[in-house]
Amino acid sequence: MLGGVSTALANTCTYYPGSADAQYTLPLPTANISVGADIPVGTVLYRMQAGNTTALRPWWHCTTDGGKSFNVLQYLTLSNTPALVPNWTGRFAGKLYQTSVAGIGIAFVNADGYNAGQDSGALSTSPFLKYTIPIPENIDWQSFYANTMYIHFVKTGPVSGGVINGANLPTVTLTANSDAPTTGMPLTPLIYNFSGSMNVIATSCTTPDVTVNLGKHETNTFNAIGAASPWVGFNIALQNCPPMYGSYPESTSPPTGFNDQTTAPGTVVQNSITLGFTPAYGIENAAQGIFKINPATGNATGVGIQLARGSSNNNPPLVNLAQLISQSFASTSNQNFTLPFQARYIQTASKVTPGPADGRATFTINYY
Numbered sequence: 001m002l003g004g005v006s007t008a009l010a011n012t013c014t015y016y017p018g019s020a021d022a023q024y025t026l027p028l029p030t031a032n033i034s035v036g037a038d039i040p041v042g043t044v045l046y047r048m049q050a051g052n053t054t055a056l057r058p059w060w061h062c063t064t065d066g067g068k069s070f071n072v073l074q075y076l077t078l079s080n081t082p083a084l085v086p087n088w089t090g091r092f093a094g095k096l097y098q099t100s101v102a103g104i105g106i107a108f109v110n111a112d113g114y115n116a117g118q119d120s121g122a123l124s125t126s127p128f129l130k131y132t133i134p135i136p137e138n139i140d141w142q143s144f145y146a147n148t149m150y151i152h153f154v155k156t157g158p159v160s161g162g163v164i165n166g167a168n169l170p171t172v173t174l175t176a177n178s179d180a181p182t183t184g185m186p187l188t189p190l191i192y193n194f195s196g197s198m199n200v201i202a203t204s205c206t207t208p209d210v211t212v213n214l215g216k217h218e219t220n221t222f223n224a225i226g227a228a229s230p231w232v233g234f235n236i237a238l239q240n241c242p243p244m245y246g247s248y249p250e251s252t253s254p255p256t257g258f259n260d261q262t263t264a265p266g267t268v269v270q271n272s273i274t275l276g277f278t279p280a281y282g283i284e285n286a287a288q289g290i291f292k293i294n295p296a297t298g299n300a301t302g303v304g305i306q307l308a309r310g311s312s313n314n315n316p317p318l319v320n321l322a323q324l325i326s327q328s329f330a331s332t333s334n335q336n337f338t339l340p341f342q343a344r345y346i347q348t349a350s351k352v353t354p355g356p357a358d359g360r361a362t363f364t365i366n367y368y
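Residue 1 in UniProt numbering sits at position 1 of the sequence shown, with consecutive numbering throughout.
#1: Give a yes or no on contact between the segment 323-342 and the segment 185-195, applying the rule of three or more CB pairs nearer than 8 Å.
#2: By DSSP's criteria, Arg-57 is part of a beta bridge. Which residues make up the other side?
#3: Contact check, Tyr-145 vs Pro-58 under 8 Å by CB: the rounded distance?
#4: Just verifying my parser: in three-state terms, what is the DSSP assignment at Gly-162?
#5: Hey, out of Thr-12, Thr-14, Met-149, whose CA is closest to Ile-106's CA?
#6: How many angstroms separate the CA atom of Ile-226 from the CA atom of Met-244?
#7: Return yes when the Cβ of Phe-277 is within less than 7 Å of the Cβ of Ala-361, no when it is not.
#8: Please report the distance separating the alpha-carbon of Thr-267 from that of Ser-328.
#9: Note down, in chain order, each residue of its chain lying with its Cβ closer than 7 Å to the Cβ of Ala-110, except the 5 sequence neighbours on either side.
#10: In terms of residues, what are the limits of the beta strand (DSSP E) holding Leu-169?
#11: For Leu-73, collect the residues of the same chain with a Cβ closer than 6 Å to its Cβ; drop the 5 residues on either side in sequence, then sort them by chain order.
#12: Less than 7 Å separating the beta-carbons of Gly-359 and Ile-305?
#13: Going by the beta-carbon positions, is the gap between Gly-42 and Gly-90 smaller than 7 Å?
#14: Within the same chain, show all residues whose beta-carbon is closer than 6 Å to that of Met-185, passing over the 5 residues directly before and after it, in chain order.
#15: Helix, strand or coil: which one does DSSP assign to Thr-63?
#16: Taking a contact to mean a Cβ-Cβ separation below 7 Å, would you say Thr-348 touches Glu-250 in this structure?
#17: Return the Cβ separation of Gly-36 and Tyr-345 in integer angstroms, given the expectation that the two are a contact with Cβ distance under 8 Å.
#18: May I have a chain-ordered list of the beta strand (DSSP E) segments no shorter than 3 residues that lie completely inside the segment 248-273?
#19: Can you grab the Cα-Cα spacing for the pair Thr-274 / Val-85, in whole Å?
#20: Could you name the residues of the same chain whose beta carbon sits closer than 6 Å to that of Thr-219, not counting the 5 residues immediately before and after it, in chain order?
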């Protein structure tokens with residue numbers, strides 16, 4: 001009779017001393033954002049980054065102990081999720097969740113590993129494969145568990161303003177498993193929750209009507225095409241404006257919240273408006289900022305009204321009536337703003353006849 005001893009070969013993965021499954025609370029890094037009413041639906045209003053610092057990463061190692069190679073698979077999953085944004089077919093469809101502020105949804109996107117930073121890397125309650133790590137034969141393979149993600153706050157409808165609390169955001173979990181029987185697997189190396197709050201302010205202002213008295217002028221003032229009366233200044237007022245803290249869209253470096261409770265500020269984009277003029281009686285010369293006066297019988301002819309920006313009478317920049325005017329604002333309290341303009345009569349035909357020379361234009365302001 002022959003006898004012998006057989007040795008079982010086993011895959012093993014273990015933490016290094018001092019490392020273990022970890023649960024962290026990540027701070028929301030920004031206290032306030034302001035959202036213009038005319039930002040298009042589907043726009044990312046705020047993008048932040050969240051994840052580990054180098055010092056707080058669980059280290060682990062795996063060995064085949066003489067057996068065949070295998071893979072360690074890492075997955076990301078959301079839990080404690082609010083309801084999905086109903087009937088949403090835009091970006092992150094099926095993975096965009098409601099927040100406590102009406103008109104804003106939230107999506108979590110993997111920022112390292114597979115599909116990093118891409119919409120296809122959006123997370124949900126179904127496991128998302130983040131990494132596949134091959135463990136070679138007969139090697140003590142060493143690595144660490146870490147995770148970085150982007151969190152997108154997306155406009156889904158009219159934004160009412162309010163507070164988004166970090167404690168109400170979904171939980172993000174990193175799990176690890178192997179594709180072969182392995183001692184020490186599966187495990188849950190990282191769980192992330194959130195803390196802090198972010199105040200969302202809906203921005204718009206009150207804009208009163210403006211009347212500009214261009215004065216009375218003798219017809220002999222206008223002796224050639226282009227002859228003009230003196231400039232008359234006026235202001236378009238933006239009143240009772242809320243604080244304009246700006247926002248952090250995808251085009252800028254994101255604010256970041258780390259698992260050691262530190263934050264990095266990111267790059268803010270100021271709130272802005274666009275302003276456009278629509279003359280009631282038509283445009284005479286858009287590039288020169290000239291619009292037509294009321295053509296009613298008995299009114300003056302041969303002149304129009306010209307618009308310019310600023311308060312200086314020394315060759316002020318003319319308004320192009322075919323383009324929108326953009327202006328950025330920044331404030332941390334309720335404020336009033338003024339946009340200075342000027343207007344004058346200008347001769348547009350070889351002959352000017354006397355009479356009333358009234359004009360009217362509607363200005364439209366959009367908030368971003």
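Cβ atoms here follow ideal geometry from the backbone N, Cα and C, with glycine treated the same way. Since the structure is predicted, the reported quantities are computational estimates derived from the model, not experimental observations.
This is what the structure gives:
#1: At 8 Å Cβ cutoff, the stretches do not touch.
#2: Answer is none; Arg-57 lacks a bridge partner.
#3: About 5 Å separates the CB atoms of Tyr-145 and Pro-58; that is less than 8 Å, so the two are in contact.
#4: Strand at Gly-162.
#5: Met-149
#6: The amino acid occupying residue 226 in the given sequence is Gly; Ile does not appear at that position. Roughly 41 Å between the two C-alpha positions.
#7: With contacts defined by Cβ atoms closer than 7 Å, Ala-361 and Phe-277 form a contacting pair.
#8: Pairing Thr-267 with Ser-328, the inter-Cα distance amounts to about 15 Å.
#9: Per the sequence shown, residue 110 should be read as Asn rather than Ala. For Asn-110, where only same-chain residues beyond five positions count, the Cβ hits under 7 Å are Leu-76, Ala-116, Gly-121, Leu-123, Phe-128, Lys-130, Met-149.
#10: No beta strand (DSSP E) holds Leu-169; DSSP gives it neither H nor E.
#11: Counting only Cβ-Cβ distances below 6 Å, and skipping sequence neighbours, we find Thr-132, Asn-177.
#12: yes
#13: yes
#14: Cys-13, Asn-177, Ser-178
#15: strand
#16: no
#17: Wrong, their Cβ atoms sit about 35 Å apart, outside the cutoff.
#18: Annotation note: the segment 248-273 contains the following uninterrupted beta strand (DSSP E) runs of length 3 or greater, listed N- to C-terminal: 256-258.
#19: 29 Å
#20: Val-352, Pro-354
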